[in-house]
Amino acid sequence: MPMTTATTAKANTSAKFMRSHPAWMHWVRHPYFLRGTLVALILYALFLLPAPGAPAALADKLNLGVFTVLVLAWSALILADGDRPDWLQSIVAFGLVGVMGWLFYRYSGAHWDKLAAAFFDWGRLSGSWWLLLDGLKVTLLIGLISTFLSVLIGAAVGILRTLGSPTLNLFLTAYIDIFRSIPMAVLMVVIFFALPYMGISFGSIATTVVALSIGYGAYASESFRAGFEAIHYGQIEAARALGLSRWQCMRMIMLPQAIPVVIPSLTGILVSMLKDTAVASLVASPELLKRARELYTSKASPTPLVASALIYLVVIIPLTRLANLLEHRMKKVR
Amino acid sequence: MSDQTSPEIMIEVVDLHKRFKDLHVLKGISTTVKRSEVVAVMGPSGSGKSTFLRCLNRLEEPNSGHIYIEGVDILSPYIDINKLRTEMGMVFQSFNLFPHMTCIQNVMLAPMHVRKISRDEAYERGIKLLEKVGLAHKADAYPEQLSGGQQQRVAIARALAMQPQIMFFDEPTSALDPEMIGEVLDVMSTLAREGMTMVVVSHEMGFIRKAADRVLFLADGLLVEEGSPEEIFNNPQHARTKDFLSKIL
Ligand SMILES: Nc1ncnc2c1ncn2[C@@H]1O[C@H](COP(=O)(O)OP(=O)(O)OP(=O)(O)O)[C@@H](O)[C@H]1O
Ligand SMILES: [Mg+2]
């Protein structure tokens, strides 16, 4: 074949170069080797694997182990090879997940039909969905109020810290350190069960809101502090030199510059908080997890718990995506 | 005031001291600045020039001494410092424009929210000032879209928008590339010609010769020497001054 273009010439020289300087075990990357071993693996799967069911004999266990290692090794040849195209790597990755799932399904010895009946017994839930949705409503209500309050507390504490008064800072730092260290579950239980002895008692929902707001307010204030610290000191001097009061300077110069820095981390914090609303079931707030556990007991089935997990996923995944998106946006803006 | 024939005193500084913890930065500075006078402040790095300037509008609180602006003791606790600062514009080495606002918003901010003039009036005034510094066409640009020289001119316009009696400049050109220094100094020379009272920390000899009425030479927190630019540049008396000038010339 006559070489017509420069690219073929170049490809040729590099091929020649590789022939005279072969990499160690270069043949494992050869398409023929990969195709051949793939066929061998498929044949292995079809004819040599033990019968379904948890393997009892040592030989069967070894057999499965060898097969698993071979499959992993073969996938690694593709996945770890930077020269392979993306589409091939995705096919292999998904294929690997599929094969592993298939092996687990075939050899774990689980009674899948019974499991499905227990975990995904949607029929049993019929007529009780409203309870879960009621719980979701309470969860969202708690989340919304606590979001508002904790951002308010965070901003207030963050702003107070910019005043730079040592005494005030001592108290604020104490607040932040204490409430970032206490686990949310402990905080709620203390507020709900211990504070009444001091004559302070909240209902279960109020307890949840107070605990989440105070606890996450501490986190939020750290976000705000980082936001304010990112502002160049010259900005404040310029504002003050123009005659703006401290509060005007905060409102017109500092907050607008801090907020783009604060929002991404704040969104992350608020997502964590929404997840922590589940802790409220400890103090009997009628939120989603509490409802699911009630149903779990009354129906004697884990399906409601699975359903609540799915509901959390559906609500929280979009929020997490949103948080990531905001972070991306804000990075571009700056 | 206008019937007075002798030039009135704008700024009077008496025995000004400033310490940062153990560091005695200003060790008793006394001087006066008359209306429409342009005073240049020179001195080696760390001699306290910025600190001196920043004491004049109380961005730093002096430890002792007196500062009178138009006869008013500005260190008195009964002074509303925010009101007072509106009489004194300040231009910084690093421009310090507000990055989240356009140029015109930067210029309008203080007149609207401190002087409480209407938005329309502030806009009109702002555009006029941007025209004056040659940047009316950049009114809607954000600071980061401007060159350093342009940013500094906007910063000057922003300070002028408060219609101050006095302008302070702290090394306004030392963060600029050489080709942009001229445009900023031109604006400052115009201001000086128009009769603005100015205190300028700068080492731009050409500008000082042309525009300044008097030079203060600071070293180690003391006012070592003062005089007209000719006196200071051509015939310095003090060893520190001679030494310093020989280094920058
Ligand atoms: N906020 C501060 N805290 C502590 N020390 C300070 C502070 N500001 C200035 N200083 C110190 O005071 C001294 C004088 O500083 P100043 O900025 O007034 O000098 P300068 O003459 O303006 O110097 P330069 O030409 O480098 O700007 C320096 O030693 C500096 O380190
Ligand atoms: Mg300085």
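Chain order of the listed sequences is A and B.
The letter at position 209 of the first sequence is residue 209 when you use the working numbering, and the numbering goes up by one with no holes.
In the working numbering, each number is its position in the second sequence, counted from 1, plus 334.
All residues carry an ideal CB built from backbone N, CA and C; glycine is no exception.
Because the structure is a prediction, the values reported are computed rather than measured.
Asked                                                                                                                                                                                                         : Found
Contact defined as beta carbons within less than 8 Å: I believe A:Ala-220 pairs with A:Val-151. What is the distance between those atoms, to the nearest angstrom?                                            : 6 Å
How about B:Arg-543 and B:Phe-567: are their beta carbons less than 8 Å apart?                                                                                                                                : yes
Is it the case that the Cβ atoms of A:Phe-192 and A:Ser-181 are separated by a distance below 8 Å?                                                                                                            : no
Note down, in chain order, every chain A residue with its Cβ under 9 Å from the Cβ of B:Phe-551.                                                                                                              : Those do not exist, as B:Phe-551 stays about 25 Å from chain A at its closest Cβ, beyond 9 Å.
Could you name the residues that DSSP lists as bridge partners for B:Lys-368?                                                                                                                                 : B:Ile-343
Just how far apart, CA to CA, sit A:Arg-246 and A:Tyr-296?                                                                                                                                                    : 56 Å
Would you mind listing the beta strand (DSSP E) stretches within the segment 473 to 516 of chain B that are 3+ residues and don't spill past its ends, in chain order?                                        : 500 to 504
Tell me whether the segment 258 to 276 of chain A and the segment 170 to 180 of chain A touch, counting them as touching only if at least three CB pairs, one residue from each stretch, are closer than 8 Å. : no
Quick check on the DSSP output: the beta strand (DSSP E) that includes B:Gly-561 runs from which residue to which?                                                                                            : 556 to 561
Are any of the Cβ atoms in chain E nearer than 8 Å to that of A:Ile-253?                                                                                                                                      : As a matter of chain content, chain E is missing from the structure shown, whose protein chains are A and B.
Would you verify that the beta carbon of B:Val-448 is, or is not, closer than 8 Å to some beta carbon of chain A?                                                                                             : yes
Do A:Pro-304 and A:Leu-125 have their C-beta atoms within less than 8 Å of each other?                                                                                                                        : yes
Mind pulling the chain A residues with CB within less than 9 Å of B:Leu-417?                                                                                                                                  : A small correction: the amino acid at residue 417 of chain B is Lys; Leu does not occupy that position in the sequence shown. Result: Gly-243.
For a contact meaning CB atoms closer than 9 Å, what does B:Asn-568 contact in chain A?                                                                                                                       : Those do not exist, as B:Asn-568 stays about 35 Å from chain A at its closest Cβ, beyond 9 Å.
Tell me, please, whether the CB atom of B:Ile-451 is closer than 8 Å to any CB atom in chain A?                                                                                                               : no
Which class does A:Ile-145 belong to by DSSP, given the choice of helix, strand or coil?                                                                                                                      : helix
Against chain B, with Cβ distances strictly below 8 Å, would A:Pro-264 count as a contact?                                                                                                                    : no
Please find out if some non-hydrogen atom of ligand 1 comes closer than 7 Å to the beta-carbon of B:Gly-380.                                                                                                  : yes
I want to see whether chain A comes within less than 8 Å of B:Ser-508, judged by CB atoms only; does it?                                                                                                      : no
Thinking B:Met-607 and B:Thr-420 are a contact (beta carbons under 8 Å), I'd like their distance in whole angstroms, please.                                                                                  : Outside the shown range of chain B (335 to 583) lies residue 607 of chain B, about which nothing can therefore be said.
Could you tell me which of B:Val-448, B:Met-532, B:Leu-463, B:Gly-555 sits nearest to B:Lys-383, measuring between CA atoms?                                                                                  : B:Gly-555
Buried or exposed: where does A:Ala-292 fall if 16 or more other Cβ atoms within 10 Å of its Cβ makes it buried?                                                                                              : buried
Could you tell me whether the Cβ of A:Gly-234 comes closer than 8 Å to any Cβ of chain B?                                                                                                                     : yes
Would you list the one or two residues that DSSP bridges to A:Lys-61?                                                                                                                                         : A:Lys-61 pairs with nothing; no bridge assigned.
Quick one: grab the DSSP three-state call for A:Tyr-312.                                                                                                                                                      : helix
Could you confirm whether any beta carbon from chain B is found closer than 8 Å to the beta carbon of A:Leu-326?                                                                                              : no
Kindly give me the distance between the Cβ atoms of A:Gln-235 and B:Asn-430, rounded to whole angstroms, as I take these residues to be in contact under 8 Å.                                                 : 6 Å
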